[in-house]
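Engineer: This is the structure, below, for whatever I ask next.
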Amino acid sequence: MAIEHDYSKRASWTVLSRLMRPHRRLAAAALALLLADIVGMLLIPTQLAALVNVAVGTRDTVELTSHGIAMLVAAVMGSGGCVASYYVASRLAAYVGRDLRIAVYRKSLALSGADFNSFGTGSMITRTLSDANVVQQTLLMTFMMVFPVPVTCVVSIVLAYGIDPVMGRLLLVLTLAMLAISGLAVARSTPIFLAIQGFVDRMNSRLREVVTGTRVIRAFGKEERERGRLNKTFVDYAANAIRVNMLFSIVDCATFFLMNVVEALVMWMGADRVGAGAMQIGSISALLEYAMLILFFMMMAQFAIIQVPRALSCLTRAAAVLDAVPGVADPDVPQRLAAPARPKPGDVVARFSHASFRFADADEDTLHDLDFSMRRGEVTAIMGNTGSGKSTVAKMLLRFHDVTAGSLRMLGTDVRDVTQRDLRSHVAYVPQQAWLFSGTIAENLRDGDASATDDALWHALDVAQASFVRELPKGLATRVAQGGSNFSGGQRQRLAIARALVRHADLYVFDDSFSALDYKTDAALRRALGRELGNEAVVIIAQRVSTVRQAAQIVVLGDGRVVGRGTHDQLMETCPAYRDIVESQTRGGVGADE
7 MAIEHDYSKR ASWTVLSRLM RPHRRLAAAA LALLLADIVG MLLIPTQLAA
57 LVNVAVGTRD TVELTSHGIA MLVAAVMGSG GCVASYYVAS RLAAYVGRDL
107 RIAVYRKSLA LSGADFNSFG TGSMITRTLS DANVVQQTLL MTFMMVFPVP
157 VTCVVSIVLA YGIDPVMGRL LLVLTLAMLA ISGLAVARST PIFLAIQGFV
207 DRMNSRLREV VTGTRVIRAF GKEERERGRL NKTFVDYAAN AIRVNMLFSI
257 VDCATFFLMN VVEALVMWMG ADRVGAGAMQ IGSISALLEY AMLILFFMMM
307 AQFAIIQVPR ALSCLTRAAA VLDAVPGVAD PDVPQRLAAP ARPKPGDVVA
357 RFSHASFRFA DADEDTLHDL DFSMRRGEVT AIMGNTGSGK STVAKMLLRF
407 HDVTAGSLRM LGTDVRDVTQ RDLRSHVAYV PQQAWLFSGT IAENLRDGDA
457 SATDDALWHA LDVAQASFVR ELPKGLATRV AQGGSNFSGG QRQRLAIARA
507 LVRHADLYVF DDSFSALDYK TDAALRRALG RELGNEAVVI IAQRVSTVRQ
557 AAQIVVLGDG RVVGRGTHDQ LMETCPAYRD IVESQTRGGV GADE
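Encoded structure:
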């Protein structure tokens, strides 16, 4: 626990200093304006006390006027400093929050799939949004509520001692008492706030899970069970929030009680000191104002200080992401991928050379000794039973995973020697789950090529057999809901295929991208792809034999190993695993494709 706590402090302050460094001048300006605000605020009761003393004593008009003007100047300086410091501090906090969100988001894009999953989607959402907001708000509260406290306390006590040592000691005791109450509140609330941050993560994950799987929950009649799980999470969060609020209420009551006690003491002791001739009557108002300002800022500081451990926890969680070393990283001195000036059919585009892959937390390899090439003008099909590693092959081609033995070469260069952006610019990918983004159909298709013309988009849609877009009233301008939920599964797949076709790539990877298509559309799409991609390498990962029957090369995987490679006719003679797949999909078999 001690090591973790030490890491928390180091990591959080390191991240905060890194975020503050570009805004040093803004922070200095905020502090200077804040100082002007405090000085102006403390000058007002001082000048007011002098004005009252003059009014009661000499009644000198000139001196009264000078003190009145000094009060006006102090008020303008304090009010102006307050407004300006709030504005500058707000901008500073907003910039820091923005930079933190951007840094966490950009780092999440650099993480491999396994790295990202180690944090969890719900936790990453919380770190990017909620945690950054906590840091932003706490930074603003610290500037406006915590930084004025030491200056206000010290100057007020010094001024009080200048008026009367007895009253100065009274304010000193008041300050120490408030520090004791604040320290106790912070000590008791810190572990609660740290626990609350974990509950926020849990609520986020549970809510996301329920919203995403609501149809499954309803289909199996598990509403009560999920409601109970959510209720438990909410109850745990509420119980800790109530504990914090109860602590706040006790502190508030103690502070207000102390305010009334101090006010009575200042009036009582002040009257006694005035009667003894130790101080003037106007000084009582200044002492009251000093005491109230100390109590006010100390009370406000409690709210900010109590948030500090939570903000440090959020910064530590952000540091865990920012300091994570990606499992897949770009080389220090990358090579450049370049397609040949005159590519010819049969040229090797990508090649697995005795490549193996193992997940970081696995005891054995997921893929073993893959050794085959993908050539221009040819379709390479990858088949196998569920869990045989087919989709992992696709992810390796995009370098979402790195080989752990052997090599994978793209256009003659090891993929680990080029940047990920350069590699992926030569690959067009259609994922297993056809995901579309909110926006329009045109915007989604231009993810493949931002400069594509409308004619190019329509051509890609025609090749992808997505003619239904022409029948839509708005055509390419049709709105797409998040995830493409306003389209059917087959329509989403065809739009995802069209998006890949918009990109002019050397290698096209279709990861089980025809599963939602009927046989007629599947056949028409494969014929169109054959004409469109006659000089590019194509990889099709599929379950249907009909989809890959005409492929120039079919690679059959079994338990992560290549158990067969060749054409359909060759594999029917030499590969029992492939024969079993074919027989299961024929009318005499047990297949589900019937």
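Counting with this note's numbering, you get residues 7 to 600 for the letters of the sequence shown. All C-beta atoms, glycine included, are put in the ideal place defined by N, C-alpha and C. What you are looking at is a predicted structure, and each value in this text was computed from that prediction instead of being measured.
Going along the chain, which residues of its own chain have a beta-carbon closer than 7 Å to the beta-carbon of Val241, five neighbours each way excluded?
Structural biologist: Counting from 1 along the sequence shown, the entry for residue 241 is found at position 235. Counting only Cβ-Cβ distances below 7 Å, and skipping sequence neighbours, we find nothing.
Engineer: I'd like the list of long-range same chain contacts for Gln143, defined as Cβ closer than 6 Å, with 5 residues on each side in sequence excluded.
Structural biologist: In the sequence shown, the residue the question calls residue 143 occupies position 137. None.
Engineer: Whose C-beta lies closer than 7 Å to the C-beta of Trp464 among residues of the same chain, with five residues either side of it excluded?
Structural biologist: One-based indexing of the sequence shown puts residue 464 at position 458. So the list is empty, once near-sequence residues are dropped.
Engineer: Please name the residue in Ala366, Gln308 and Pro315 whose C-alpha comes closest to that of Gly333.
Structural biologist: As a position in the sequence shown, residue 333 is number 327, starting the count at 1. Ranking the options by Cα distance to Gly333, first place goes to Ala366.
Engineer: Which residue or residues does DSSP assign as beta-bridge partners of Ala434?
Structural biologist: Taking the first residue of the sequence shown as position 1, residue 434 is located at position 428. Looking at the DSSP assignment, Ala434 forms a beta bridge with Tyr514.
Engineer: Just to confirm the assignment, what range does the beta strand (DSSP E) spanning Val544 have?
Structural biologist: For the purposes of this step, residue 544 is taken as residue 538 along the sequence shown, with counting starting at 1. Where Val544 is concerned, the enclosing beta strand (DSSP E) stretches over Ala543 to Ile547.
Engineer: Is it true that the CB of Ala38 sits closer than 8 Å to the CB of Thr148?
Structural biologist: For the purposes of this step, residue 148 is identified with residue 142 of the sequence shown, where counting begins at 1. For the purposes of this step, residue 38 is identified with residue 32 of the sequence shown, where counting begins at 1. No. Outside cutoff.
Engineer: By alpha-carbon positions, which one of Arg133, Gln426 and Asn492 ends up nearest to Ser444?
Structural biologist: Numbered from its first residue, the sequence shown carries residue 444 at position 438. Minimum Cα distance to Ser444 is reached at Asn492.
Engineer: How long is the line joining the alpha carbons of Pro28 and Arg364, rounded to whole angstroms?
Structural biologist: Residue mapping note: residue 28 aligns to position 22 of the sequence shown, counting from 1. Residue mapping note: residue 364 aligns to position 358 of the sequence shown, counting from 1. Their backbone Cα atoms lie some 41 Å apart in a straight line.
Engineer: Need the endpoints of the alpha helix (DSSP H) that His467 sits in, please.
Structural biologist: Residue mapping note: residue 467 aligns to position 461 of the sequence shown, counting from 1. The displayed chain sequence assigns Leu, not His, to residue 467. Start and end: Asp460 to Val469.
Engineer: Can the beta-carbon of Asp517 be found less than 8 Å from the beta-carbon of Pro437?
Structural biologist: In the sequence shown, residue 517 corresponds to position 511, counting from 1. In the sequence shown, residue 437 corresponds to position 431, counting from 1. The answer is yes: Cβ separation under 8 Å.
Engineer: By DSSP's criteria, Leu376 is part of a beta bridge. Which residues make up the other side?
Structural biologist: To locate residue 376, count along the sequence shown from 1; it is residue 370. Ala361.
Engineer: For Val314, which of helix, strand or coil comes out of DSSP?
Structural biologist: Position 308 of the sequence shown holds residue 314. Three-state result, Val314: helix.
Engineer: Under a three-way DSSP split, which group does Ala356 fall into?
Structural biologist: Taking the sequence shown and counting its residues from 1, the one referred to as residue 356 is at position 350. In the three-state reduction of the DSSP assignment, Ala356 falls in the strand class.
Engineer: Looking at the strands, I want to know which residues DSSP matches up with Met439.
Structural biologist: To locate residue 439, count along the sequence shown from 1; it is residue 433. Before going further, note that residue 439 is Gln rather than Met in the sequence given. DSSP, once it has assigned bridges, lists no residue as partnering Gln439.
Engineer: Out of Ile300, Gly103 and Ala557, state which residue places its alpha-carbon closest to the alpha-carbon of Val140.
Structural biologist: Walking along the sequence shown from the start, residue 140 turns up at place 134. Measuring from the Cα of Val140, the nearest candidate turns out to be Gly103.
Engineer: When you compare only the Cα positions, how much space is there between Glu10 and Thr134?
Structural biologist: Counted from its first residue, the sequence shown places residue 10 at position 4. Counted from its first residue, the sequence shown places residue 134 at position 128. In this prediction, Glu10 has a pLDDT of 39, which is less than 50 and means its spatial position is unreliable; nothing more can be read from the coordinates.
Engineer: Tell me, please, whether the CB atom of Arg537 is closer than 8 Å to any CB atom in chain C?
Structural biologist: As a matter of chain content, chain C is missing from the structure shown, which is built from one protein chain.
Engineer: Three-state secondary structure (DSSP) at Ser85?
Structural biologist: Translated into positions along the sequence shown, residue 85 becomes position 79. Here Ser85 sits in helix by DSSP.
Engineer: Using 8 Å for Cβ pairs, my map puts Leu467 next to Ala504. What's the rounded Cβ distance?
Structural biologist: Walking along the sequence shown from the start, residue 467 turns up at place 461. Walking along the sequence shown from the start, residue 504 turns up at place 498. So it is a contact: roughly 5 Å between Cβ atoms.
Engineer: Would DSSP call Thr425 helix, strand or coil?
Structural biologist: Along the sequence shown, read from residue 1 onward, the residue named residue 425 stands at position 419. Three-state DSSP puts Thr425 in coil, outside helix and strand.
Engineer: Hey, is the stretch 250-259 in contact with the stretch 171-180, meaning 3+ C-beta pairs nearer than 8 Å?
Structural biologist: no
Engineer: Taking DSSP as the reference, what is the three-state secondary structure of Gly564?
Structural biologist: One-based indexing of the sequence shown puts residue 564 at position 558. Here Gly564 sits in strand by DSSP.
Engineer: Identify every residue that forms a DSSP beta bridge with Gly570.
Structural biologist: Counted from its first residue, the sequence shown places residue 570 at position 564. As computed with DSSP, Gly570 is found in a beta bridge with Val562.
Engineer: Span of the beta strand (DSSP E) holding Ala400?
Structural biologist: In the sequence shown, counting from the first residue as 1, residue 400 sits at position 394. No beta strand (DSSP E) holds Ala400; the alpha helix (DSSP H) holding it covers Lys396 to Leu403.
Engineer: What is the rounded straight-line gap between the Cα of Ala345 and the Cα of Gly219?
Structural biologist: For the purposes of this step, residue 345 is taken as the residue at position 339 of the sequence shown. For the purposes of this step, residue 219 is taken as the residue at position 213 of the sequence shown. C-alpha separation (whole angstroms): 44 Å.
Engineer: Please name the residue, chosen from Val433, Tyr435, Arg405 and Arg323, that lies closest to Asp423 on a Cα-to-Cα basis.
Structural biologist: For the purposes of this step, residue 423 is taken as the residue at position 417 of the sequence shown. Comparing Cα-Cα distances from Asp423 to each of Val433, Tyr435, Arg405 and Arg323, the minimum goes to Arg405.
Engineer: Under 8 Å by Cβ, that's how I've got Leu98 and Ala201 pegged, so tell me the actual separation to the nearest angstrom.
Structural biologist: Looking up residue 98 in the sequence shown gives position 92. Looking up residue 201 in the sequence shown gives position 195. Not a contact, Cβ separation roughly 29 Å.
Engineer: Where are the beta strand (DSSP E) runs, 3 residues long or more, that stay fully inside the stretch 87-155, in chain order?
Structural biologist: none
Engineer: Taking the CB atoms as reference points, tell me whether Leu513 and Leu373 lie closer together than 8 Å.
Structural biologist: Residue mapping note: residue 513 aligns to position 507 of the sequence shown, counting from 1. Residue mapping note: residue 373 aligns to position 367 of the sequence shown, counting from 1. No, Cβ-Cβ distance for Leu513 and Leu373 is not below 8 Å.
Engineer: Could you name the residues of the same chain whose beta carbon sits closer than 7 Å to that of Ala191, not counting the 5 residues immediately before and after it, in chain order?
Structural biologist: Residue 191 sits at position 185 when you count from the first residue of the sequence shown. Around Ala191: Leu253, Val257, Gln308 and Ile312.
Engineer: Is it buried or exposed for Thr158, if we count other Cβ within 10 angstroms and need 16 for buried?
Structural biologist: As a first step, residue 158 must be located in the sequence shown, where it is residue number 152. The residue is buried, with at least 16 neighbouring Cβ atoms inside 10 Å.
Engineer: Going by beta carbon distance, what residues of the same chain come within less than 6 Å of Ala411, once the five residues before and after it are set aside?
Structural biologist: As a first step, residue 411 must be located in the sequence shown, where it is residue number 405. Same-chain partners within the cutoff: Ser362.
Engineer: Answer yes or no: the CB of Ile187 versus the heavy atoms of the ligand MN, is any distance below 7 Å?
Structural biologist: The ligand MN is not among the ligands present in this structure, which contains no ligands whatsoever.
Engineer: Please say whether Phe378 and Val569 have beta carbons closer to each other than 8 Å?
Structural biologist: Indexing the sequence shown from 1 puts residue 569 at position 563. Indexing the sequence shown from 1 puts residue 378 at position 372. No.
Engineer: Under 8 Å, do Met150 and Met304 count as touching if we go by C-beta distance?
Structural biologist: The count along the sequence shown starts at 1 and reaches residue 150 at position 144. The count along the sequence shown starts at 1 and reaches residue 304 at position 298. Cβ atoms of Met150 and Met304: not closer than 8 Å.
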